Amino acid sequence: MTVNTKQLKQKIAFSIFGTMSFIVVAILVIILGFIVIRGIGVINWEFLTAMPRDGMTHGGIFPAIVGTGCLVLGSMIFAFPIGVLSGIYINEYLTESWLKKVIRMMTNNLAGVPSIVFGLFGMALFVNYLKFGDSILAGSLTLGLLALPVVIRLTEEALKTVDDNLRLGSYALGASKIQTIQKVVLPVAFPNIMTGLILSIGRVSGETAPILFTVAAYFLPRLPHSISDQVMALPYHLYVLATSGTNMEESRPMAYGTALVLVSIVLIINVTASILRRRIQKKNRMN
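Residue numbering for the sequence shown is 22 to 308, as defined by this note's numbering.
The following block contains the structure:
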């Protein structure tokens, strides 16, 4: 094979990859542009801070925004510590064995389970068996289970990127395993672990099926007072407006506005977490 042939194949491959990347970005821009064009007209202070009224054809989506925030926060409080500790145990303590392979396989399979299955499981376990009822607690735990495999796998992969020489150097200085993990491994891996948190937040904030069975209310124009209350949530609110509202044509602009708010919240969370991750990486390099 001549040099010119190799260069031609490389150019063809790069062109294909570049075209595919452009198509993906273009599709994303089209979707976002469609949502912005249809939803920007209803975005105002009342829409963001008022209660819904008149069969959700007027007013705002403030209870849905608060409810979504409660569910995301509650699910991360449950999933992030357990997921990170599980990833640490798998990577740092388990040796390569059939048990480790089984745990990885089950974690990967759990990540691929449809969200509707998590919703049914959450309803059976948290709502009915544990008697939590339709509540923020039941919804948060269900969403936490949904996010858990993502956090575990990405934590494990983040820990794998830490150079073993750092661990050996720490042991040579007399540090114990737990001290090495706490003072050496985790600070280096934490920026990449943040990726798991970002992806998990993005996923749970837009899920409808798990909260449909465990927490979401059709129309509840008030704020929650405890973790035992039901709440409205942006993804379920959007689903209701788009499919079964009292006046679907009149509420259509509110549906697009709700979609725009949901996308904006996820974008703000991702950008904030990315900035925090870069600052942590910069601080680690300086140290």
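Positions of the beta carbon are idealized from the N, C-alpha and C atoms, including for glycine. All figures in this text were calculated on a predicted structure; none of them were measured in a lab.
Neighbourhood of residue i by C-beta distance below 6 Å, restricted to the same chain and skipping five residues each side
i           : result
residue 187 : 205
residue 88  : 252, 253 and 254
residue 248 : 157 and 158
residue 137 : 230
Status (buried if at least 16 other CB within 10 Å, exposed otherwise) for residue i
i           : result
residue 135 : exposed
residue 275 : buried
residue 42  : exposed
residue 102 : exposed
residue 68  : buried
residue 194 : exposed
Cβ shell of residue i (< 7 Å), same chain only, five flanking positions each side left out
i           : result
residue 60  : 277, 278, 280 and 281
residue 168 : 96, 100, 221, 224 and 225
residue 70  : 81 and 83
residue 201 : 188, 191 and 192
residue 258 : 82, 85 and 279
residue 161 : 92, 95, 96 and 99
residue 233 : 140 and 257
Pick from the options that is closest to residue i, judged by C-alpha positions
i           : options               : result
residue 293 : 243, 275, 272 and 212 : 212
residue 57  : 130, 87 and 283       : 283
residue 244 : 72, 55 and 210        : 72
residue 94  : 196, 230 and 218      : 218
residue 180 : 203, 162 and 36       : 203
residue 177 : 106, 199, 39 and 46   : 106
residue 287 : 30, 62, 86 and 40     : 86
residue 304 : 208, 270 and 31       : 208
residue 130 : 118, 117, 166 and 112 : 166
Contact under 9 Å by Cβ, residue i with residue j
i           : j           : result
residue 148 : residue 132 : no
residue 171 : residue 104 : yes
residue 235 : residue 140 : yes
residue 228 : residue 164 : yes
residue 301 : residue 215 : yes
residue 64  : residue 128 : no
Beta-carbon contacts of residue i that lie in its chain and below 8 Å, excluding the five residues immediately before and after
i           : result
residue 299 : 212
residue 175 : 108, 213, 214, 216, 217 and 220
residue 120 : none
residue 74  : 80 and 242
Do the segment 137-146 and the segment 155-168 touch if we need at least three Cβ pairs shorter than 8 Å? When Cβ pairs closer than 8 Å are counted between the two stretches, the segment 137-146 is seen to touch the segment 155-168, the count reaching three or more.
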